[in-house]
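Participant:
Protein chains in written order, with the working numbering: chain A, 3 to 400; chain B, 94 to 577.
(1) Does chain A have any CB closer than 9 Å to the CB of residue 528 of chain B?
(2) Assuming contact is defined by CB atoms lying nearer than 9 Å, are residue 57 of chain A and residue 11 of chain A in contact in what I supplied?
(3) Please state whether DSSP places residue 417 of chain B in a helix, a strand or coil.
(4) Taking residue 254 of chain A as the query, report the chain B residues whose CB atoms sit under 8 Å from its CB, ordered along the chain.
(5) Only counting the same chain, and skipping five residues up and downstream in sequence, which positions put a Cβ closer than 7 Å to that of residue 282 of chain B?
(6) At least one CB of chain A closer than 9 Å to the CB of residue 219 of chain B: is that the case?
(7) Closer than 7 Å, Cβ to any Cβ of chain A: which residues of the stretch 356-379 of chain B, in chain order?
(8) Using CA coordinates, which residue listed in B:503, B:513, B:507, B:543 is at the minimum distance from residue 524 of chain B?
(9) Which whole-angstrom value is the C-beta distance of residue 561 of chain B and residue 141 of chain A, which I expect to be below 8 Å?
(10) Count the CB pairs spanning the stretch 193-205 of chain A and the stretch 235-243 of chain A that are closer than 8 Å, and state whether there are at least three.
(11) Examine chain A for any beta-carbon lying closer than 9 Å to the beta-carbon of residue 98 of chain B, and answer yes or no.
(12) Could you spell out where the alpha helix (DSSP H) holding residue 335 of chain B opens and where it closes?
(13) For the beta strand (DSSP E) holding residue 390 of chain B, just list the boundary residues, first then last.
(14) Looking at chain B, is there any beta carbon in it that lies within less than 9 Å of the beta carbon of residue 307 of chain A?
(15) State yes or no: is the C-beta of residue 120 of chain A within less than 9 Å of the C-beta of residue 222 of chain A?
(16) Report yes if the CB atom of residue 17 of chain A is closer than 9 Å to the CB atom of residue 43 of chain A, and no otherwise.
(17) Can you give me the C-alpha to C-alpha distance between residue 450 of chain B and residue 331 of chain A, rounded to a whole angstrom?
(18) Quick one: does residue 504 of chain B have its CB under 9 Å from some CB of chain A?
(19) Tell me whether the stretch 313-329 of chain B and the stretch 347-365 of chain B touch, counting them as touching only if at least three CB pairs, one residue from each stretch, are closer than 8 Å.
(20) Going straight from the alpha carbon of residue 516 of chain B to that of residue 212 of chain A, what length do you get?
(21) Could you name the residues that DSSP lists as bridge partners for residue 404 of chain B?
(22) Out of A:265, A:310, A:114, point me to the one whose CA is closest to residue 225 of chain A's CA.
(23) Report the three-state DSSP secondary structure of residue 55 of chain A (helix, strand or coil).
(24) Give the DSSP-derived three-state secondary structure of residue 570 of chain B in the structure shown.
(25) Measuring straight from C-alpha to C-alpha, what distance separates residue 290 of chain A and residue 311 of chain A?
(26) Got a sec: is the Cβ-Cβ distance from residue 408 of chain A to anything in chain B below 9 Å?
(27) Note down, in chain order, each residue of its chain lying with its Cβ closer than 6 Å to the Cβ of residue 163 of chain A, except the 5 sequence neighbours on either side.
(28) For a contact defined as C-beta to C-beta under 8 Å, what are the partners of residue 540 of chain B on chain A?
(29) Roughly how many whole angstroms lie between the Cα atoms of residue 261 of chain A and residue 169 of chain A?
(30) Within 9 Å of any Cβ in chain A, is that where the Cβ of residue 441 of chain B sits?
(31) Mind checking residue 126 of chain B: buried by the 16 CB within 10 Å criterion, or exposed?
(32) Looking at the secondary structure, which residues open and close the beta strand (DSSP E) in which residue 165 of chain B lies?
(33) Whose C-alpha, out of B:534, B:550, B:555, is nearest the C-alpha of residue 144 of chain A?
(34) Report the residues of the stretch 141-172 of chain A with a CB closer than 7 Å to any CB of chain B, ordered along the chain.
(35) Taking only beta carbons into account, state which residues of the stretch 383-400 of chain A come closer than 8 Å to chain B, listed in chain order.
(36) Which residues, in chain order, does the stretch 259-282 of chain A contribute to contact with chain B at a C-beta distance below 8 Å?
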């Protein structure tokens with residue numbers, strides 16, 4: 003009987019670049035910057051690192067297809083290196099590869115690297131998904147973008163709970179304002195300016211009903227995690243961070259092709275969260291979790307995720323949001339580092355960037371954003387669209 | 094007796110006010126003032142001669158089975174493909190049976206009437222039981238030209254057969270000669286014409302009149318026998334002049350639709366015939382004459398079956414279904430006459446895997462999904478494994494056509510980031526009556542009109558145009574079901 007990977011994997015070193023429009027830096031530059039930070043943080047000899055997983059979403063940019071780009075960049079001595087891609091959940095996929103290798107005993111030290119150099123695409127938002135949806139879908143799917151796909155969550159949420167679009171918009175605005183407030187405190191964040199609810203509500207529409215401030219930053223950046231067994235980790239440092247759960251759920255197609263899904267939640271998140279709580283032994287997430295780092299690609303995504311994670315009741319997220327439940331000084335602070343919204347969203351790096359914040363919070367190194375004695379932290383990384391998604395939920399503790 | 098079994102019409106919903114054309118371009122060519130009356134139907138940014146033909150044929154086939162159609166004749170002078178049969182594309186969109194003879198024709202506006210003649214001959218000869226005709230056009234006039242005022246976009250369709258005929262075919266008369274009044278070579282967006290007076294006096298009038306009189310002589314009918322006379326001619330004055338010369342009464346002359354639709358080229362004669370059929374009673378003699386590199390005239394007589402014919406929507410509701418296209422520059426943009434800044438999302442078009450398109454043609458062009466024979470769940474596109482989580486049966490699918498079903502809007506957005514010639518790009522999920530959920534663009538509507546739960550119908554549209562590789566991609570879109 004499988005027992006999961008709870009307490010079988012520890013993070014012993016992490017690095018994360020400043021996210022943003024890094025016009026002067028290449029994907030290689032970003033990888034090296036995060037990698038050197040992680041090595042210094044772990045304080046171990048590089049020769050102990052045995053296997054690498056690389057996450058990038060768009061292979062026509064960054065380091066290209068395959069793992070060769072990473073291996074050549076770091077001049078890795080003919081090691082096992084793998085590139086993974088699972089849309090916006092790619093970063094957590096790299097982490098999962100490395101974590102499973104350690105948990106399986108295949109190696110003592112494994113590395114997860116995530117990078118995305120989005121500002122080399124020439125696009126304001128994410129590049130078109132035209133080719134990446136597969137031959138068959140491309141022939142029929144609307145010419146959809148990420149904001150357009152996620153905007154429908156807001157349309158549905160309003161319809162499902164009988165809310166006026168303005169009511170949903172106001173709750174979404176609070177989500178973004180909170181992240182801007184947190185991001186302003188983070189020197190590595192892409193967007194470091196507080197924004198008022200009024201400014202958010204008045205911003206131009208990107209994909210109705212989502213406005214400019216409902217959408218996350220499109221950034222360059224890289225993040226790296228070095229993983230090992232807890233026993234080895236404690237030999238290296240006193241404060242490693244342990245993986246309590248790591249679950250991933252991918253759509254079966256029923257949200258898109260059957261008619262049972264209500265369109266006002268993310269089914270993969272609900273499924274991955276339920277399994278992660280089971281793996282970590284969390285019985286009451288609202289009472290037990292200390293902090294969240296969610297995939298807030300759009301404010302509405304964060305809103306419904308509160309419900310999918312069983313923290314807010316169904317239909318109850320707007321009330322919790324407006325009550326400040328998820329603010330930095332709230333009951334369960336969310337996006338303490340600014341989230342995708344303000345830290346930015348270099349896709350391949352994002353899942354690892356979320357873990358980076360949890361890791362720093364546990365080690366008491368989150369500076370102005372530091373929480374008091376966090377016990378359990380959750381990261382949530384979502385790829386694809388609400389109607390066809392891949393989701394990972396990871397829980398970390400000490 | 095061979096004749097017409099059903100008819101159909103389709104006009105794009107958009108109308109361009111000719112005063113708006115004149116307001117924009119009249120400074121350049123003040124003489125077009127005379128033409129600047131009424132409005133013309135113009136294709137939406139996602140419509141072309143193929144999509145118009147499909148919609149007219151859907152109207153035509155709305156009340157009957159299409160299982161007996163053995164031939165398809167598709168006429169247009171503006172088909173998107175010179176090679177890759179447009180008729181085959183239309184047949185796939187209509188999900189006609191693959192045992193089908195099909196043909197594109199063009200060359201002149203009379204391709205519509207000539208195609209109808211071919212269909213009649215084909216059925217009379219016993220080659221096929223039923224033959225379908227589509228005629229559609231989207232011709233462009235240069236900005237500031239008289240043609241810009243005259244040309245309209247539209248389509249008509251006729252189903253020809255031997256049984257259940259609503260109008261019996263009595264005969265035809267054609268005149269063919271090289272009369273180069275309207276000239277357009279392949280690859281050219283715009284045509285060119287010679288002096289109007291010459292066209293009127295040497296072209297329209299003698300050729301149309303010759304065809305009509307020749308037909309009457311051949312069929313031994315007199316002008317007073319005719320209940321309806323449809324004259325498809327771009328010039329309203331010529332129609333009036335012919336009417337006067339032939340002493341036709343206003344009741345006999347069918348509204349030439351020039352003021353409300355414009356001259357729809359190949360489609361026009363058949364559009365007028367569809368209009369006349371809807372207004373006819375059993376026994377009526379209906380003459381239709383079309384012009385282009387000569388003229389064709391055909392004579393039909395309405396049968397008793399017409400009285401009880403359930404009938405398609407036809408021209409009248411198509412005329413009523415209208416919305417103004419403003420401003421004029423939007424029209425220029427839709428037709429790609431005005432090169433707008435497309436942005437990177439509009440510039441880059443992923444290549445189409447033609448082998449995949451061919452393999453998936455019933456799904457992509459015909460919107461045929463599947464229904465699971467184990468649990469009955471309809472789904473799109475066809476799946477190996479049933480998507481119903483309670484079923485999950487493997488390879489238990491039967492074909493399930495979605496195109497004629499209505500649906501309700503499940504979710505929607507208006508996306509300013511996605512490329513569209515008519516931003517915001519509206520799209521979302523649609524739950525179909527009877528089951529199944531489709532991921533679709535919305536068209537012929539504004540974002541403000543869309544509501545969760547509103548009823549929509551499906552329409553065949555252009556999905557993208559790949560200029561670099563010379564390809565047009567088609568799929569189905571949802572459009573609000575408007576009460577006529």
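Every residue, glycine too, gets a C-beta built ideally from N, C-alpha and C. None of these values were measured; they are calculated from a predicted model.
Facilitator: Taking the structure as given:
(1) The Cβ of residue 528 of chain B sits closer than 9 Å to at least one Cβ of chain A.
(2) No. Outside cutoff.
(3) Look at residue 417 of chain B here: in three-state DSSP terms it is strand.
(4) Going along chain B in sequence order, the residues near residue 254 of chain A (Cβ under 8 Å) are 480, 482.
(5) Only 233 meet the Cβ criterion.
(6) Not an interface residue.
(7) Of all residues in the stretch 356-379 of chain B, none has a Cβ within less than 7 Å of some Cβ in chain A.
(8) Taking only the C-alpha atoms, the option nearest residue 524 of chain B is B:503.
(9) Actually they do not touch by this definition, with Cβ atoms about 18 Å apart.
(10) Output reads no: the stretch 235-243 of chain A does not touch the stretch 193-205 of chain A.
(11) No, because no Cβ of chain A sits closer than 9 Å to the Cβ of residue 98 of chain B.
(12) Its alpha helix (DSSP H) spans residues 329-338.
(13) Counted as a single uninterrupted DSSP element, the beta strand (DSSP E) harbouring residue 390 of chain B occupies residues 387-395.
(14) Chain B, which has no Cβ nearer than 9 Å to the Cβ of residue 307 of chain A, makes this no.
(15) If you check the CB distance, residue 120 of chain A and residue 222 of chain A come in under 9 Å.
(16) Yes, the pair counts as a contact, with Cβ atoms nearer than the cut-off.
(17) Using only the alpha carbons, I get a separation of about 55 Å.
(18) Yes, its Cβ sits closer than 9 Å to a Cβ of chain A.
(19) Contact holds: three or more Cβ-Cβ distances are below 8 Å.
(20) Each residue's alpha carbon lies about 15 Å from the other.
(21) None, per the DSSP bridge assignment.
(22) Here the closest residue by C-alpha is A:114.
(23) In the structure shown, residue 55 of chain A sits in a strand (DSSP, three-state: E or B).
(24) In this structure, residue 570 of chain B counts as strand in the three-state DSSP scheme.
(25) One alpha carbon belongs to residue 290 of chain A, the other to residue 311 of chain A, and they sit about 12 Å apart.
(26) Chain A is shown from 3 up to 400; residue 408 of chain A falls before or after that span and cannot be answered.
(27) Its chain contains 317 as the residues whose beta carbon lies nearer than 6 Å to that of residue 163 of chain A, once the 5 sequence neighbours on both sides are disregarded; these appear in chain order.
(28) Within chain A, the residues near residue 540 of chain B are 210.
(29) Each residue's alpha carbon lies about 26 Å from the other.
(30) At a cut-off of 9 Å between beta carbons, residue 441 of chain B contacts chain A.
(31) Residue environment analysis places residue 126 of chain B among the exposed positions, since fewer than 16 neighbouring C-beta atoms fall within 10 angstroms of its C-beta.
(32) Its beta strand (DSSP E) spans residues 162-168.
(33) Answer by Cα proximity: B:534.
(34) Listed by position along the chain: 141, 142, 143, 144, 145, 146, 147, 149, 150, 153, 154, 157, 158, 161.
(35) The stretch 383-400 of chain A vs chain B, Cβ under 8 Å: 389.
(36) Listed in sequence order: 259, 260, 261, 262, 265.
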